[in-house]
Every structure is written in structure tokens, then in C-alpha cells.
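Working notes for the structure below.
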Amino acid sequence: MKKFSFMAALTLAFMTNAIQAQQVYKIYEGAAPGSENVDYPEITMNNPAGHPMVYNVSEPTITVYRPDAAIDTGAAMIIAPGGGNRYLTWEEEGINVAQWLQHHGITGIILKYRTTFMGKDRDEVTKNVMEFWQSLMNRSNAVESEATRTAAPVVNTTPVQLQPTIQGDDGRQAMKYVRRHAKEWGIDPQRIGIMGFSAGGVVTMNVLMIHDEESKPNFAAPIYGVVSNPGVPTDKVPVFLCSPTFDLTVPEYAEQFFNDLKNAQVPAELHYIYEGTHGDGLQYNGKEWNEWMDMLYRFMKATKFLENKK
29 MKKFSFMAAL
39 TLAFMTNAIQ
49 AQQVYKIYEG
59 AAPGSENVDY
69 PEITMNNPAG
79 HPMVYNVSEP
89 TITVYRPDAA
99 IDTGAAMIIA
109 PGGGNRYLTW
119 EEEGINVAQW
129 LQHHGITGII
139 LKYRTTFMGK
149 DRDEVTKNVM
159 EFWQSLMNRS
169 NAVESEATRT
179 AAPVVNTTPV
189 QLQPTIQGDD
199 GRQAMKYVRR
209 HAKEWGIDPQ
219 RIGIMGFSAG
229 GVVTMNVLMI
239 HDEESKPNFA
249 APIYGVVSNP
259 GVPTDKVPVF
269 LCSPTFDLTV
279 PEYAEQFFND
289 LKNAQVPAEL
299 HYIYEGTHGD
309 GLQYNGKEWN
319 EWMDMLYRFM
329 KATKFLENKK
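Residue numbering for the sequence shown follows our numbering, beginning at 29 and increasing consecutively.
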């Protein structure tokens with residue numbers, strides 16, 4: 029019954045028009061710091077499955093999906109798609125998530141953060157992406173081969189001093205931009221969260237661990253995105269962690285991070301889901317993996333991040 033309910037909600041969101049048309053906003057005035065001299069084009073191309081991927085991002089934006097006023101909770105979530113900083117997985121880790129949130133009374137905000145230059149035209153991008161994927165496959169095969177010769181993989185549990193990154197800066201700027209426009213968009217400035225997938229999860233972690241008062245998230249959800257042990261955030265922001273059970277080193281790092289959060293009495297949940305793979309995001313395929321979204325929603329309610337407007 030739970031799967032039926034979940035898929036029915038997804039199908040409804042997919043088949044109906046958006047409750048309100050989304051709006052796109054540049055988050056910096058003028059060129060983004062560090063990208064002033066960029067002269068290459070942003071390129072959007074479909075992957076072999078027909079899903080859009082965005083390359084060569086140099087002008088960060090947010091795309092805002094606001095819910096209907098009748099169901100608006102006043103909460104908002106910034107969404108950082110993944111793609112190894114080479115591209116942004118715009119549908120499974122962006123649009124689908126934003127629309128799901130929108131249909132559940134939460135303003136979904138897709139962050140288009142800066143990515144690595146991948147080529148001046150579509151042919152060059154295709155060539156470089158294929159080389160990138162081949163290098164990932166070679167690395168994955170090497171890790172699996174090593175794992176067969178040793179016991180459990182060694183995980184470094186020493187806290188790492190996180191440094192600001194250009195993608196993290198875009199995440200912090202997005203938080204500031206949304207907070208500055210919170211009243212205009214009907215958002216509670218103390219209920220603005222950030223979530224991300226893979227590289228977007230790393231962006232989420234960077235914002236969670238490094239921020240000032242204006243860029244502070246009130247909720248964080250790195251989805252298959254914890255790739256090192258960063259220590260514990262000092263302001264006890266609720267953290268939702270989720271990963272496929274077999275996702276190379278991500279589950280081990282997520283478990284260590286979760287234990288640190290628990291020991292520090294930070295509200296946190298950790299979920300491993302068997303039927304899922306890295307990069308699945310949120311899809312309409314009936315797999316168990318997609319139930320992570322329901323789990324996230326319940327945790328939002330449990331931590332009072334998600335409440336109806338008074």
C-alpha cells in the first residue's frame with residue numbers, strides 16, 4: 029500500500045501541470061566571483077536515456093517552484109543536482125524533486141551551481157564526458173578488485189578541515205538570495221533547507237559546515253553525498269542522510285558522520301536502501317529506492333522543519 033500511495037502521488041505530480049509556473053533568478057549581481065572572464069557557452073544535452081544534463085555552468089541561478097497558497101507550509105528546500113561537478117543531472121536530481129516538494133506544500137528551488145568546463149561544443153562535450161565515465165568505471169573496477177583481496181574497505185575517520193569551494197560559495201549565495209526574498213515568496217526565513225545528490229551532496233555538506241548567519245541552512249539532506257568525515261556542525265541543524273546500500277565508500281562515510289551527529293545530539297536520520305544505485309535521484313520507476321522522499325518528508329515533520337503556516 030505504501031508503494032502504491034507513493035507512486036500515485038508521483039504520477040499525479042507528473043501528469044498535472046505545475047501548480048505555479050517556475051521562475052529563474054540569477055543569484056549574483058553581475059558575473060559570479062571567479063567567473064568574470066568565462067567565454068564558453070552553457071550547453072544542455074540529453075543523456076542516452078533522454079534526460080537533460082547541463083554542462084559548462086558559469087552563471088549560477090535558482091529555479092523556483094512555489095506551491096499553491098492553499099497548501100503552502102512556508103518551508104523551502106534548495107536542491108543541488110549531482111554530476112561530479114562536470115554536469116548537473118537536471119531531471120532526476122532537480123525537476124522531479126522540486127515538483128514533488130511543490131506538490132507537498134514546500135517551495136522547491138533548483139540550484140544551478142558552477143561546473144567544470146567540458147567543451148566548447150556538443151561534440152567536444154560528448155567526447156570529454158565519455159572519457160570521464162570511462163575513468164570512473166576504471167576506478168570503480170579497481171576498488172572492487174581491491175575489496176576482494178582485503179577485508180572491509182578502510183575508511184578515514186579523522187575529521188577533515190573543510191575549505192570553501194566555488195560550488196559551496198554558490199550554495200551559500202543561494203541561501204542568502206532565498207532568505208532575502210523570503211517575505212516576497214511567502215517563505216519562513218528560519219525554514220530554508222538545502223539538499224543535494226552526489227556532488228550536489230558535497231555542496232550541501234560544504235554549506236552545512238561553512239556559513240554565516242545569513243547563509244545558514246535550517247535543514248540539510250546530502251543524498252549519497254558524504255565523501256569524507258567533516259566533524260559536526262556547531263548549530264545542530266537537522267541532517268537527513270540516505271544512500272544505496274552498495275555505493276562504494278559513501279555508506280561508510282555517512283555512517284561515521286551519522287554517529288558523530290548522534291553523539292552530539294544533533295537531530296539526524298540515516299537510511300540505507302537496497303534497491304538503488306548512485307545517481308538514481310527521484311524517478312517514476314516503482315523502485316524501493318524512491319521511498320527515500322517519503323522518509324525525508326517524515327523527518328522534516330518530526331524535526332518541526334515542516335509545519336503548516338499559522
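Don't be surprised by glycine CBs; every beta carbon is placed ideally from N, CA and C.
When you compare only the Cα positions, how much space is there between residue i and residue j?
i    : j    : result
A77  : G307 : 13 Å
L190 : H239 : 12 Å
Q51  : T135 : 12 Å
A180 : A60  : Confidence at A180 is low in this model, with a pLDDT of 41, below 50, so the placement of that residue should be treated as unreliable; the coordinate-derived value is given next. Each residue's alpha carbon lies about 43 Å from the other.
E316 : N65  : 45 Å
E119 : Q284 : 30 Å
F327 : E297 : 8 Å
A248 : F286 : 13 Å
Y325 : G110 : 21 Å
K264 : A330 : 15 Å
P95  : L289 : 32 Å
A126 : I107 : 7 Å
T91  : I137 : 5 Å
E212 : P266 : 26 Å
N203 : N84  : The amino acid at residue 203 is misidentified as Asn; the sequence shows Met. In a straight line, the C-alpha of M203 is about 22 Å away from that of N84.
E319 : S243 : 29 Å
D100 : I71  : 34 Å
A210 : T193 : 25 Å
F225 : T305 : 12 Å
Y68  : R150 : 12 Å
I220 : G214 : 12 Å
V183 : G196 : Note that V183 scores 42 on pLDDT, short of 50, meaning its location in the model is unreliable; the coordinates nonetheless yield the value given after this. Spanning the two alpha carbons is a distance of roughly 24 Å.
K148 : Q293 : 49 Å
Y56  : Y93  : 19 Å
E241 : K155 : 42 Å
So, is residue i buried or exposed, given that buried needs 16 or more other C-beta atoms within 10 angstroms?
i    : result
G58  : exposed
W161 : exposed
K140 : buried
T262 : exposed
E303 : exposed
G309 : buried
F274 : exposed
G102 : buried
E280 : buried
Which partner residues does residue i have in the DSSP bridge list?
i    : result
E297 : F268
V82  : T72, L116
I107 : I138, M223
K54  : T89
P250 : G224
Let me make sure I understand the geometry here. Which of the options has the alpha-carbon closest to that of residue i?
i    : options                : result
L334 : D216, V294, D275       : D216
E121 : L236, S256, R219, Y312 : Y312
A98  : H79, H132, L236, E87   : H132
N257 : P266, N75, M233        : M233
T143 : G62, M321, G214        : G62
S163 : G112, Q195, E319       : G112
P295 : P279, F268, T305       : F268
A104 : A292, Y205, L276, P279 : Y205
I123 : K155, E159, M81, E87   : M81
Q130 : H79, E241, A49, H299   : A49
H299 : S86, P272, G314, K155  : P272
K332 : D198, Q218, T117, S86  : Q218
M87  : N291, D198, L276       : The residue you asked about is not Met; residue 87 is Glu in the sequence shown. Nearest of N291, D198, L276 to E87, Cα basis: D198.
Assuming residue i contacts residue j under a Cβ cut-off of 8 Å, what Cβ separation, rounded to an integer in Å, is found between them?
i    : j    : result
C270 : I301 : 7 Å
A282 : V254 : 5 Å
Y53  : T89  : 6 Å
M73  : V153 : 7 Å
G229 : P250 : 4 Å
R207 : V235 : Between V235 and R207 the Cβ distance is about 12 Å, and since that is not below 8 Å, they are no contact.
M323 : W128 : With 8 Å as the limit, M323 and W128 do not qualify as a contact, their Cβ atoms being about 13 Å apart.
V157 : M146 : 6 Å
V231 : Y252 : That pair is no contact at about 13 Å.
Give a single yes or no on whether residue i has its beta carbon closer than 8 Å to a heavy atom of the ligand PLP.
i    : result
L139 : The ligand content of the structure shown is nil, which means the ligand PLP is not present either.
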